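Reviewing the structure listed below.
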Amino acid sequence: MGAPLKITAMLVAGGMLATPLSAQQRVEVGNASTVVGDVRMSNAQIRKPAKIQRKQRIAWGDLIDTARKSQLQILLLDRSSFGIGASSRVRIDRFVYDPNEGRSFFATFVKGALRFFSGSAEGDNSGEIQTPSGRIGIRGTALDMLVGEEAEDIAEDEEFVGNVDSDRDEATLVVLRGPGAGTAGGLTVGQAEVSAAGKTVLLDQPGLAAYIPRDGAQPIGPFFISSPGLAQVQDQLQPEVARAASGGGGLLRALLPIAGAIAVGALLSGSNGDDDEEPDDRTQDHNRNQSNNYRNR
6 MGAPLKITAM LVAGGMLATP LSAQQRVEVG NASTVVGDVR MSNAQIRKPA
56 KIQRKQRIAW GDLIDTARKS QLQILLLDRS SFGIGASSRV RIDRFVYDPN
106 EGRSFFATFV KGALRFFSGS AEGDNSGEIQ TPSGRIGIRG TALDMLVGEE
156 AEDIAEDEEF VGNVDSDRDE ATLVVLRGPG AGTAGGLTVG QAEVSAAGKT
206 VLLDQPGLAA YIPRDGAQPI GPFFISSPGL AQVQDQLQPE VARAASGGGG
256 LLRALLPIAG AIAVGALLSG SNGDDDEEPD DRTQDHNRNQ SNNYRNR
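All the letters of the sequence shown, read from the start, carry residue numbers 6 to 302 under the numbering used here.
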């Protein structure tokens, strides 16, 4: 099956979740808190993609497309947020929130760059994001995700990954940005599970990453992403979103400038930063051991 057909099949499958009881009923999940550039939305009622305006409501089944040099931040009802980078396509298929019981959501991430920040720490907060090559299960936390050729280029520059058979439309890279167990400031402690082809990789420390090369391939990881690799991920999630959101989004602004995985770990786990050299050695040893284990299978 070619890439366009796979993408269509994935959207159709996700659309089954997104269909409310009434075809005309819109189940709102949040609003467009920040819009930069050309960002458009389509759904069952709006067939021709229309420009999204700031504060516009977002609902189940809305398919979001961003153009080059464009970004969108969606603030969900539980104060969680999606930061969508340039040249991206995302749809929130289902979102259920009860202040007393927590939040759950399903989303389809077709291409581009996506950043998720968990909101309320109350209740059972979970989510699932489907990509062309796998599934990402989320419980609390903050993470960055790339789908497409940028994911392939960044991942294959990582020593742990190396040269693998990747598909430039399906490659998926996931990086846990935090927080750690000692985090202050109200961030929700959590983790991510990256699953594909019968294997699940757990990301439970800031800076850990996993890579799915293509549909039908198992995820590679976990590994600590390098500082250059994380900087490249950062480039796909431009900081204009944070600068434009001058009226709010302090969490987003605080995390966007971070340039290295170890810095992320120090910030989100509450480290005092006195061990700057030691984490780099641990990262290299972890990746070397994990890489040997993976290749010896």
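All C-beta atoms in this analysis are idealised placements derived from N, C-alpha and C, irrespective of residue type, glycine included. Source: prediction; values computed, not measured.
Legend entry - A178 to L68 span [Cα, whole Å]: Reading off the sequence shown, one finds Leu at residue 178, where the question assumed Ala. C-alpha separation (whole angstroms): 21 angstroms.
Legend entry - Rounded C-alpha distance that separates I141 from A112: Whole-angstrom Cα-Cα distance: 10 angstroms.
Inset, instruction - Evaluate K116 with the Cβ neighbour count: other Cβ atoms within 10 Å of its Cβ, from every protein chain shown; 16 or more gives buried, anything less gives exposed. - result: Burial call: buried.
Inset, instruction - Please list, in chain order, all residues of the same chain as R62 whose beta carbon is under 7 angstroms from its beta carbon, the five residues on each side excluded. - result: E33 and N36.
Inset, instruction - Assign N168 to buried or exposed, taking buried as 16 or more other Cβ atoms, counted over all protein chains shown, within 10 Å of its Cβ. - result: Classification of N168: exposed, given that the 10 Å Cβ count is below 16.
Legend entry - Distance between beta carbons of L242 and P88, contact taken as under 8 angstroms: The residue asked about is misnamed: residue 88 is Gly in this sequence, not Pro. Confirmed, about 6 angstroms.
Inset, instruction - Assign I230 to buried or exposed, taking buried as 16 or more other Cβ atoms, counted over all protein chains shown, within 10 Å of its Cβ. - result: Buried.
Legend entry - Distance between beta carbons of V166 and I97, contact taken as under 8 angstroms: Not confirmed; about 30 angstroms, so no contact.
Inset, instruction - Please report the Cβ distance between D158 and R219, rounded to the nearest whole angstrom; I am assuming they are in contact, meaning their Cβ atoms lie under 8 angstroms. - result: The beta-carbon separation of D158 and R219, rounded to 14 angstroms, does not stay under the 8 angstroms limit for a contact.
Legend entry - beta strand (DSSP E) runs wholly inside the stretch 114-198, at least 3 long, in chain order: Complete beta strand (DSSP E) runs here, min 3: 131-135, 140-144, 147-152 and 177-183.
Legend entry - Inter-residue Cα distance where the pair is Q239 and S232: Approximately 10 angstroms, taken between the alpha carbons.
Legend entry - 8 angstroms Cβ cutoff met for Q196 and L208: Yes, the pair counts as a contact, with Cβ atoms nearer than the cut-off.
Inset, instruction - Could you check if E106 is buried or exposed, using at least 16 other CB atoms within 10 Å of its CB as the buried criterion? - result: By the neighbour-count rule (16 or more Cβ atoms within 10 Å), E106 is not buried but exposed.
Inset, instruction - May I ask which residues mark the beginning and end of the beta strand (DSSP E) holding G222? - result: Sequence check: residue 222 is Ala here, not Gly. If you look at A222, you'll find it isn't in any beta strand (DSSP E); DSSP assigns it neither H nor E.
Legend entry - Residue of R59, V40 and W65 minimising C-alpha distance to N48: That would be W65, whose Cα lies nearest to the Cα of N48.
Legend entry - Beta carbon of G234 nearer than 8 angstroms to that of D162: Their beta carbons are under 8 angstroms apart, which means G234 touches D162 by this criterion.
Legend entry - Rounded separation between R31 and S131 - CA only: Their backbone Cα atoms lie some 22 angstroms apart in a straight line.
Inset, instruction - Starting from G88, follow the beta strand (DSSP E) in both directions and report where the run begins and ends. - result: Residue range S86 to I89 is occupied by the beta strand (DSSP E) that includes G88.
Inset, instruction - Along the alpha helix (DSSP H) that carries Q239, what are the first and last residues, could you check? - result: From DSSP, the alpha helix (DSSP H) with Q239 extends over S232 to Q241.
Legend entry - Per-residue DSSP class, three states only, for E82: Per the sequence shown, residue 82 should be read as Leu rather than Glu. DSSP, reduced to helix, strand and coil, places L82 outside both helices and strands of the structure shown, so it counts as coil.
Legend entry - Own chain residues within Cβ distance below 8 angstroms of D70, not counting five before or after: V44, R45, M46, S47, P54, S93 and R94, listed in sequence order.
Inset, instruction - Can you check DSSP and say which residues form a bridge with V41? - result: In DSSP, V41 forms a bridge with Q76.
Inset, instruction - Compute the distance between the beta-carbons of S38 and L80, then report whether it is under 8 angstroms. - result: For S38 and L80, yes; Cβs fall inside 8 angstroms.
Inset, instruction - State the Cα-Cα distance for the pair V152 and K56, rounded to the nearest angstrom. - result: V152 and K56 have their alpha carbons spaced roughly 23 angstroms apart.
Legend entry - Through-space distance from G139 to A215, alpha-carbon basis: Rounded to whole angstroms, A215 to G139 spans 11 angstroms at the Cα level.
Inset, instruction - Please name the residue, chosen from K60, S86 and A147, that lies closest to G183 on a Cα-to-Cα basis. - result: Comparing Cα-Cα distances from G183 to each of K60, S86 and A147, the minimum goes to A147.
Legend entry - Burial state of D174, where buried means 16 or more other Cβ atoms lie within 10 Å: D174 should be labelled buried.
Legend entry - For L77 and D103, the rounded distance between their alpha carbons: Distance from the CA of D103 to the CA of L77, rounded to the nearest whole angstrom, comes to 25 angstroms.
Inset, instruction - Kindly indicate which three-state DSSP category P211 falls into: helix, strand or coil? - result: In this structure, DSSP gives P211 a state outside helix and strand, which the three-state scheme calls coil.
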